[in-house]
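Each remark here refers to the structure printed beneath this line.
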Amino acid sequence: MPANIALLGSGLFAQNSYLPALLANPTDAVLHTIWSRSSTSAVKLLEAAKSSGIQGLDGKGSINVEHGDDGLDKVLSDPSVDAVMLVLPISRQPELVLRALKAGKHVMSEKPVGKDVKTARETIEEYEKTYQPKGLIWRVAENWAHEPMLLKARDIIQTTPNLGPVLYWHLRAEGVTLDGSKYQATEWRTVPDYQGGFILDGGVHSTAMLRTLLPTPPNTIISTAALHRTHLLPHDTITALALPSDEATVDPHGPPTALNAIRTANDVPGGIGKSSPQGIIFMSWALPDIPAESREPNGITVVCLNGQVTVRAEGTTERQWVINLSAANGSGVQSGKWSGRWCGVEREVGMFARAVAAAKQGKESGEENYGTPRGSLWDLAIIEACLSSNGRPVDVAKLIAGK
């Protein structure tokens with residue numbers, strides 16, 4: 251039996267991404283109820299759901315609609331609702347995650363997992379202590395962690411024969427955010443009550459990419475944060491050096507030079523360096539409104555010993571991932587190019603619904619869980635480290651642990 255889902259939230263992302271994702275998973279998820287803070291927005295999303303072709307409870311478009319505090323109480327007390335999907339303002343979600351879990355509902359909440367590491371950690375600890383042992387599911391909807399093409403890029407980087415270890419990488423995420431643009435104009439984003447503004451809200455996608463792709467994700471951040479455009483407060487740009495743990499630092503790769511030299515390595519002033527898979531993070535939502543064709547594609551470049559892997563997000567309406575593997579001459583590595591559409595939201599909704607349906611029968615879905623709250627906590631911690639570093643090293647593991 252499919253999972254009966256209540257969709258809590260009726261904003262742009264709920265309409266533009268969640269409705270198509272539910273429509274794409276008709277055998278796994280039934281849209282049981284729509285809830286919003288206001289009746290007007292709830293009815294508007296209902297109309298969009300019916301127009302999209304979502305069948306609802308009876309296969310004929312029957313979908314319950316609730317609004318306000320009383321409506322939320324009704325949703326959470328309805329025994330026919332198996333799970334809720336939260337698509338709500340960042341600062342509102344942790345409280346509602348725990349409230350829904352307390353009501354016995356499985357939960358999928360939008361990223362980021364919280365407005366800051368402390369709030370997120372406390373929410374996760376309460377879930378792990380009180381609700382996870384009861385078999386209740388909580389997943390964080392980080393769609394980039396579910397993207398098949400990013401998982402393919404992970405496999406290319408980590409399993410391609412002869413590609414060798416990661417030497418270094420650089421990540422780039424830039425965007426144009428005009429004052430009054432549709433996402434910036436939402437009331438809770440215009441003047442946010444959380445750190446980083448769009449850096450937090452959008453940046454966790456990129457840190458989830460790091461978590462997904464890299465064999466050794468960074469553990470120390472040295473960063474600066476800036477605000478270039480007044481309407482994008484509190485920050486719109488970060489530039490960071492990302493360092494791995496000490497255990498990832500090794501001796502340089504390959505044999506020493508075959509050339510004759512008048513000095514030995516021991517004679518070099520200052521000593522000889524080591525190899526560690528460090529990287530650079532650059533994010534900015536302050537890009538001027540230049541033509542789309544003039545903008546550098548967002549994504550990541552991962553340089554390995556015997557080749558380079560690039561992952562780029564391309565397109566505006568029909569967005570695609572494009573992966574390029576460029577082999578070093580004589581390395582034996584096979585170059586290649588792959589592309590595929592963005593479908594992370596569709597996939598995470600389906601996987602969550604199947605996990606809920608399995609849990610109703612006392613089983614597990616058998617699919618890998620890419621939406622762990624702990625994974626999203628790491629994504630958030632990297633952003634918080636970038637925002638708070640101010641040129642000083644921030645230990646990400648200690649930040650997560652609250653030390």
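The sequence shown lines up with residues 251 to 653 when you count with the numbering used here. Even for Gly, the Cβ is constructed at its ideal location relative to N, Cα and C. Computed from a predicted model, the values in this text were never measured in an experiment.
Strictly by DSSP, which residues pair up with residue i?
| i | result |
| --- | --- |
| S267 | Looking at the DSSP assignment, S267 forms no beta bridge with any residue, so it has no partner. |
| E360 | A391 |
| Q570 | E564 and R591 |
| Y418 | Q528 and V553 |
| Q219 | Coverage of the chain is limited to positions 251 through 653, which leaves residue 219 absent and any answer about it impossible. |
| E424 | S534 |
| A515 | A515 pairs with nothing; no bridge assigned. |
| I407 | Paired residues: none, contrary to the question. |
| S473 | A490 |
| T283 | A256 and N314 |
| V644 | I471 |
| N548 | A563 |
| V293 | V293 pairs with nothing; no bridge assigned. |
Note down, in chain order, each residue of its chain lying with its Cβ closer than 8 Å to the Cβ of residue i, except the 5 sequence neighbours on either side.
| i | result |
| --- | --- |
| S327 | A353 |
| G621 | M358, R389, V390, A391, E392, A395, H396, E598, M601 and F602 |
| E614 | A605 and A608 |
| I284 | A256, L257, S260, A292, L295, L296, A299, I313, N314, V315 and E316 |
| V646 | P468, N469, T470, I471, W628, A631, I632 and A635 |
With 16 other CB atoms within 10 Å as the buried threshold, where does residue i fall?
| i | result |
| --- | --- |
| P329 | exposed |
| Q584 | exposed |
| H478 | exposed |
| T566 | exposed |
| A264 | buried |
| A508 | exposed |
| D323 | exposed |
| N393 | buried |
| I304 | buried |
| R389 | buried |
| K587 | exposed |
| Q343 | buried |
| S267 | buried |
| G309 | exposed |
| S639 | buried |
| T480 | exposed |
| K361 | buried |
| V441 | exposed |
| G612 | exposed |
| V500 | exposed |
| V518 | exposed |
| E596 | buried |
If you measure between the beta carbons of residue i and residue j, is that distance less than 7 Å?
| i | j | result |
| --- | --- | --- |
| A458 | V334 | no |
| G385 | L637 | no |
| L400 | T462 | yes |
| P502 | S525 | yes |
| Y381 | L351 | yes |
| H317 | S359 | no |
| S544 | Q570 | no |
| H356 | I313 | no |
| A299 | V315 | no |
| I531 | A492 | yes |
| G425 | L338 | no |
| L649 | V367 | yes |
| A651 | M533 | no |
| I573 | L450 | no |
| V553 | L417 | yes |
| V559 | L575 | yes |
| A271 | D332 | no |
| S302 | L348 | no |
| L659 | G306 | The chain is shown only over 251 to 653; residue 659 falls outside these bounds and no answer can be derived. |
| I374 | P623 | yes |
Got a sec? Which residues, its chain only, sit under 6 Å from residue i by beta carbon, not counting five neighbours each side?
| i | result |
| --- | --- |
| H370 | Before going further, note that residue 370 is Ala rather than His in the sequence given. The answer, listed in chain order, is V363, G364, L627 and L630. |
| E397 | G594 |
| Y433 | none |
| S341 | K365, D443 and Y444 |
| R591 | Q570 |
So, for residue i: in the same chain, excluding its five sequence neighbours on each side, which residues have a beta-carbon less than 7 Å away from its beta-carbon?
| i | result |
| --- | --- |
| P494 | T466, P468, N469, S526, P527 and Q528 |
| R513 | none |
| S456 | L421, A423 and M533 |
| S289 | H317 |
| A536 | H478, R479, L482, D486 and T487 |
| S581 | N412, N556 and G557 |
| G321 | W285 |
| A403 | L463, V559, V561 and I573 |
Is residue i near the ligand ZN, with its Cβ less than 6 Å from a heavy atom?
| i | result |
| --- | --- |
| S639 | Of ligands this structure carries none, so the ligand ZN is not represented either. |
Along the chain, which unbroken stretches of the alpha helix (DSSP H) at least 4 residues long are found entirely within the region 429-464? With a minimum length of 4 residues, the continuous alpha helix (DSSP H) runs that stay inside the region 429-464 are 437-440 and 448-463.
What alpha helix (DSSP H) runs, 4 residues minimum, are completely inside the region 295-341? Counting only runs of 4 or more, we get 318-327.
Any chance you could list the beta strand (DSSP E) runs of at least 3 consecutive residues sitting entirely within the region 582-633, in chain order? 586-591, all fully within the region 582-633.
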